Amino acid sequence: MKKLLFVLVTGVFWLACGGNDVEIDTSITVPVSVEDVKLKPIEEFIETTGTARALQEVELVAQTDGFYRLGKNARNRPFTLGDQVSPADVIVYLDNPELENNTKIESQKLNLDISKSEFEKQQALYEKGGVTLRELKNAEQAYIDAKYNYDNAHIQLTKLKVQSPFRGVIVDLPYFTPGTRVSTNALIAKVMNYEKLYMDASYPGKHLGRIKVDQMVRALNYTMTEDTLLGRVTQVSPAIDSETRTFKASIEIDNPEWKFRPGMFIKVETIVAHKDSAIVIPKSIIVQSRGAKRVYIVERSAAHGRRIVTGLENPTHVEVVEGLQVDDRLIVKGYETLSDQTKVRIIR
2 MKKLLFVLVT GVFWLACGGN DVEIDTSITV PVSVEDVKLK PIEEFIETTG
52 TARALQEVEL VAQTDGFYRL GKNARNRPFT LGDQVSPADV IVYLDNPELE
102 NNTKIESQKL NLDISKSEFE KQQALYEKGG VTLRELKNAE QAYIDAKYNY
152 DNAHIQLTKL KVQSPFRGVI VDLPYFTPGT RVSTNALIAK VMNYEKLYMD
202 ASYPGKHLGR IKVDQMVRAL NYTMTEDTLL GRVTQVSPAI DSETRTFKAS
252 IEIDNPEWKF RPGMFIKVET IVAHKDSAIV IPKSIIVQSR GAKRVYIVER
302 SAAHGRRIVT GLENPTHVEV VEGLQVDDRL IVKGYETLSD QTKVRIIR
C-alpha cells in the first residue's frame, strides 16, 4: 500500500511539472567594478613630520641707549607686526644727541679729507726728492689714523638706527612709549625671512642609506591641503640614535609666496625612487593568500586570481613587476569575497 502511494505522488508531481526535467540554477553572480591596467608614473617616498622654521631670523637689540622713535614703512606709517623690511629700512631710531656730539662726525670727515690731501702731496714731493721717507710715512700714518677715527664715528652713529641685516618680516615688536629712553641690549624687534624654510627631520633607522643629500621632498600642511611646496634634503646624519632608533636629516623648503609660516607642523614626503612608466595598482585591492599577494581580473565573465610581485610602493599605490599585463581588466571593487572562476557582473 505504501509503495503504491509513493508511485501515485511521484506521478502527480511529474504531471504538474509538465513532464519536463527540473533544473535549479545554483550559480551566484557577484557585482564588481573594474579598471583597465595602464602604465603610469609612480614615486616611492618616505614620510616624516616636523616643525617648519625660518631659514633666517634675527633678534635686534639696542646697541646703545637712546630715546625711542619708531620708523615708518613703505606706506609712511609706523612699522607694525607683519610688515616687510629690507636692510635699508630703519625700524627704530634711538635718538641720542650726546652720542652724536661726541662722535664729531663732521669734524672727523674734515680731518680725513685734510690728511688724505696732505698724504697725496707728500707722495708727489717724495717722488721728486722734496721730502724724506720719514716725512712721507708720518703723513701716511696721519691719514690712516684719520680714516680709522672717521670709520669709528660712523659705526657709533649706526648704533642709533635699528635695521635688519636681511629682507624679512617683523614677527616681534615690543612696545615702548615714544620718546622714552631705551637701555642698551633691550630687545627692539625680531625679523624672520621665511621665503625659505628648514626642518630638522627624523627618519627610522631602517631608511639610513636611502635618504641622501639633494633628494627632492614635498612639504604639506594639514590645514592648507591645497598647497604643496618643494624642497630638498641638505644634510643627513650617518649615525642612528641609540634610544629612538632614528637618524636626523635637515630639509630646506622653498616658500616663494610666504604661505607656510615658521612654527607650522608639516608633513614631508622624501622621494627615494621614481619610475615614469610602470603598471601601478591601488594597494588596497591586494589580497594576501598563503604568503602570496593576489589580485583578481575578469576574463569571460569570471574572476581569475593572479599572483603578483610588487616593486616600488607608497602609502596608496604599488608597482606590479610580475603577474599583470597592460589592458588586463582589474577588479577594484567587489573583490573581497571572490575566488577563482566566480561568475561576475561588471557594474559602473
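Sequential numbering from 2 applies to the sequence shown in our numbering.
Just so it is clear, CB atoms sit at the ideal spot from N, CA and C, and this is done for glycine as well.
Since this is a predicted model, take the numbers as computed values, not measurements.
| query | What does a CB cutoff of less than 8 Å around V310 pick up in its chain, not counting 5 residues either side in sequence? | reply | K294, V321, V322, E323, G324
| task | Using only alpha-carbon positions, find the residue among H275, E253, D152 that is nearest to N315. | result | H275
| message | On the DSSP letters alone, give me the boundaries of the alpha helix (DSSP H) that I115 sits inside. | response | 106-128
| With C-beta atoms as the reference, is P283 less than 9 Å away from V345? | no
| task | Select from Q142, E107, Y336 the residue whose C-alpha is nearest the C-alpha of Y151. | result | E107
| task | Between the Cα of E101 and those of M265, P205, N153, spot the shortest distance and give me the residue it belongs to. | result | N153
| task | Label N194 either buried or exposed according to how many other C-beta atoms from any shown protein chain fall within 10 Å of its C-beta, with 16 as the threshold for buried. | result | buried
| task | Indicate the three-state DSSP secondary structure (helix, strand or coil) for N153 in the structure shown. | result | helix
| request: Throw me the rounded Cβ distance for the Y223 and V288 pair, which I believe falls under 8 Å. | output: That belief does not hold up - the Cβ atoms of Y223 and V288 are roughly 32 Å apart, past 8 Å.
| field | E258 versus E196, L71, F177, residue with shortest Cα-Cα distance | value | E196
| query | Per DSSP, G210 forms a beta bridge with which residues? | reply | For G210, which the question treats as bridged, DSSP gives no partner whatsoever.
| request: Please determine, among R349, I298, T50, the residue with the shortest C-alpha to C-alpha distance to A202. | output: T50
| field | Cβ neighbours of A250 in the same chain (closer than 7 Å, five flanking residues each side left out) | value | A202, Y204, I212, V234, Q236, V237, S238
| query | According to DSSP, which residues form a beta bridge with M200? | reply | I252
| Exposed or buried, what is E227 when buried is set at 16 or more other beta-carbons lying within 10 Å of its beta-carbon? | exposed
| By a C-beta neighbour count over all protein chains shown, 10 Å radius and 16 as the cutoff for buried, is F266 buried or exposed? | exposed
| request: In angstroms with no decimal places, state the Cα-to-Cα distance between V291 and R308. | output: Here residue 291 turns out to be Arg, not Val, going by the sequence shown. Roughly 11 Å between the two C-alpha positions.
| task | Would you mind sorting G306 into buried or exposed? The rule is 16 or more other CB atoms within 10 Å of its CB. | result | buried
| query | Does the pairing of the region 30-44 with the region 128-147 give three or more beta-carbon distances under 8 Å? | reply | no
| field | 8 Å CB neighbourhood of F261 in its chain, flanking five on each side removed | value | A53, Y195, L198, A220, N222, M225, D228, L230, I254, I267
| message | Let me make sure I understand the geometry here. Which of V281, Q216, Q109, G210 has the alpha-carbon closest to that of Y144? | response | Q109
| Which residues in the same chain as V132 place their Cβ atom closer than 7 Å to its Cβ, once the five residues preceding and following it in sequence are excluded? | Q123, L126
| request: Kindly indicate which residue of E270, K73, S184, E141 has the alpha-carbon position closest to the one of N97. | output: S184
| task | Could you please give the first and the last residue of the uninterrupted beta strand (DSSP E) stretch that includes D37? | result | 30-37
| Comparing alpha-carbon positions, which option in K191, E270, L56 lies nearest V86? | K191
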